[in-house]
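>
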Amino acid sequence: MDERRFVVWGSSGHARVLRDMLGPNDRIVGLIDNDRNARTIQNGVSLVVGIKGFRALMEEFRAESLSGLVAIGGGRGADRLEILDLFVASGLETPELIHPLAYCAPSSTVGKGSHVMAQSVLAADARIGRGVIINHGAVVDHECILADGVHIAPGATLCGCVHVGENAFIGAGATVLPRLHIGAGSVVGAGATVTCDVPENTVVTGIPARPVST
Ligand SMILES: CC(C)(COP(=O)(O)OP(=O)(O)OC[C@H]1O[C@@H](n2cnc3c(N)ncnc32)[C@H](O)[C@@H]1OP(=O)(O)O)[C@@H](O)C(=O)NCCC(=O)NCCS
Numbered sequence: 001m002d003e004r005r006f007v008v009w010g011s012s013g014h015a016r017v018l019r020d021m022l023g024p025n026d027r028i029v030g031l032i033d034n035d036r037n038a039r040t041i042q043n044g045v046s047l048v049v050g051i052k053g054f055r056a057l058m059e060e061f062r063a064e065s066l067s068g069l070v071a072i073g074g075g076r077g078a079d080r081l082e083i084l085d086l087f088v089a090s091g092l093e094t095p096e097l098i099h100p101l102a103y104c105a106p107s108s109t110v111g112k113g114s115h116v117m118a119q120s121v122l123a124a125d126a127r128i129g130r131g132v133i134i135n136h137g138a139v140v141d142h143e144c145i146l147a148d149g150v151h152i153a154p155g156a157t158l159c160g161c162v163h164v165g166e167n168a169f170i171g172a173g174a175t176v177l178p179r180l181h182i183g184a185g186s187v188v189g190a191g192a193t194v195t196c197d198v199p200e201n202t203v204v205t206g207i208p209a210r211p212v213s214t
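Take 1 as the starting number for the sequence shown in my numbering and just add one per residue.
As structure tokens, this is what we get:
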């Protein structure tokens, strides 16, 4: 199999996880971060800063076919999608990464540039958009639909037929009961149990989950 060469945007903990998910024929050739104090996560590959650094990398590797990985974790779905779009516009492949120890039902689908971590489950007919993170040990049960930019944090459980709107973030260990809708841009706090629909751009915490007063 031909070598795949990756540029990675982001040099945080999420980047370390993605680095360790790459296969023997994958190689990181460029790293970009917006923070000039960030440190490289790949021996022998120095970090360049922001869009200017990215353009310089594109110039350096212009004769080669490259893939792009967006290594931005947390609730920053909008940032993930923006960089994903930049990669696509720059001619990079944006493959999904699925850990060999994740279970993805044959009828589930995963969008471009999404990451499915070890020990997570995508059950029958789950639909995962672009730039989504299904983190370690998360369960996305049958017929769930996740829009672009969603992040399901470690150990969270979406029961069957849950819909999650664009860029929403489901915190670590949270549970969302069946058939509920989580609005775009919303945050479900770590450990919460969601028992009714959550509107857009709302933060909920607790058991049962209630909106956080602002
Ligand atoms: C809910 C959340 C988004 C709130 O973040 P925040 O606005 O920065 O809130 P703060 O840390 O300032 O806490 C505000 C209050 O909410 C409480 N609180 C924070 N998170 C809570 C949670 N998950 N459940 C219950 N209460 C919580 C705090 O104890 C604090 O209470 P106090 O005012 O009585 O002291 C955040 O705490 C959270 O749960 N994030 C998910 C983190 C996660 O899962 N990361 C995974 C990374 S892969």
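Virtual Cβ for every residue (Gly too), placed ideally from N, Cα, C.
1) Please report how far the alpha carbon of Asp33 lies from the alpha carbon of Val70, in whole angstroms.
2) Does the contact criterion of 3 or more C-beta pairs under 8 Å hold for the segment 29-44 versus the segment 84-99?
3) Any idea if Arg130 is buried or exposed, counting beta-carbon neighbours within 10 angstroms, 16 or more meaning buried?
4) When you measure from the CB of Gly171 to every non-hydrogen atom of ligand 1, does any distance come out below 7 Å?
5) Could you tell me whether any non-hydrogen atom of ligand 1 is closer than 7 Å to the CB of Ala71?
6) Ignoring anything shorter than 4 residues, give me the alpha helix (DSSP H) runs that lie fully in the segment 68-120, in order along the chain.
7) Taking the continuous beta strand (DSSP E) assigned at Leu31, which residues delimit it?
8) Tell me which residues share the same chain as Gly44 and place their Cβ nearer than 6 Å to its Cβ, disregarding the 5 neighbours each side in the sequence.
9) Measure the alpha-carbon distance for Ala184 versus Ser67 and round it to whole angstroms.
10) Is it the case that the Cβ atoms of Gly165 and Glu143 are separated by a distance below 8 Å?
11) May I have the straight-line CA-CA distance separating Val215 from Thr94, to the nearest angstrom?
12) For a minimum of 3 consecutive residues, which ranges assigned as the beta strand (DSSP E) are wholly contained in the segment 130-206?
13) Would Ser11 be called buried (16 or more neighbouring beta carbons within 10 Å of its own) or exposed?
14) Short of 8 Å in beta carbon distance, which residues of its chain neighbour Asp197, apart from the five on each side in sequence? Order them along the chain.
15) Would you call the CB atoms of Ile209 and Ala190 closer than 8 Å?
16) If you follow the alpha helix (DSSP H) that Arg16 is in, where does it begin and where does it stop?
17) By alpha-carbon positions, which one of Ala168, Pro100, Val212 and Leu158 ends up nearest to Ala126?
In brief:
1) Counting from one through the sequence shown, the residue named residue 33 turns up at place 33. Counting from one through the sequence shown, the residue named residue 70 turns up at place 70. Roughly 10 Å between the two C-alpha positions.
2) no
3) The sequence position of residue 130 within the sequence shown is 130, counting from 1. Buried, because 16 or more other Cβ atoms sit within 10 Å of the Cβ of Arg130.
4) Counted from its first residue, the sequence shown places residue 171 at position 171. Under cutoff, so the answer is yes.
5) As a working mapping, residue 71 is identified with position 71 in the sequence shown. No, the Cβ of Ala71 stays beyond 7 Å of every heavy atom of ligand 1.
6) 77-89
7) Locating residue 31 in the sequence shown gives position 31, where the first residue counts as 1. Unbroken beta strand (DSSP E) run through Leu31: Asp26 to Asp33.
8) Taking the first residue of the sequence shown as position 1, residue 44 is located at position 44. Counting only Cβ-Cβ distances below 6 Å, and skipping sequence neighbours, we find nothing.
9) Counted from its first residue, the sequence shown places residue 184 at position 184. Counted from its first residue, the sequence shown places residue 67 at position 67. Distance between the alpha carbons of Ala184 and Ser67: 28 Å.
10) Position 165 of the sequence shown holds residue 165. Position 143 of the sequence shown holds residue 143. No, they are not a contact pair.
11) Past the boundaries of the shown model lies residue 215; the chain is included only from 1 to 214, so the question cannot be answered.
12) 203-205
13) Counted from its first residue, the sequence shown places residue 11 at position 11. Per the 10 Å Cβ criterion, buried.
14) The count along the sequence shown starts at 1 and reaches residue 197 at position 197. A distance below 8 Å between beta-carbons, with the five flanking residues on each side excluded, links Asp197 to the following residues of its chain, in chain order: Leu180, His181, Ile182 and Gly183.
15) As a first step, residue 209 must be located in the sequence shown, where it is residue number 209. As a first step, residue 190 must be located in the sequence shown, where it is residue number 190. According to the sequence provided, residue 209 is Ala. The question's Ile does not apply to it. Contact: no.
16) Position 16 of the sequence shown, counted from the start, is the residue given in the question as residue 16. That run of the alpha helix (DSSP H) goes Gly13 to Met21.
17) Sequence index remark: in the sequence shown, residue 126 carries index 126 (1-based). Ranking the options by Cα distance to Ala126, first place goes to Leu158.
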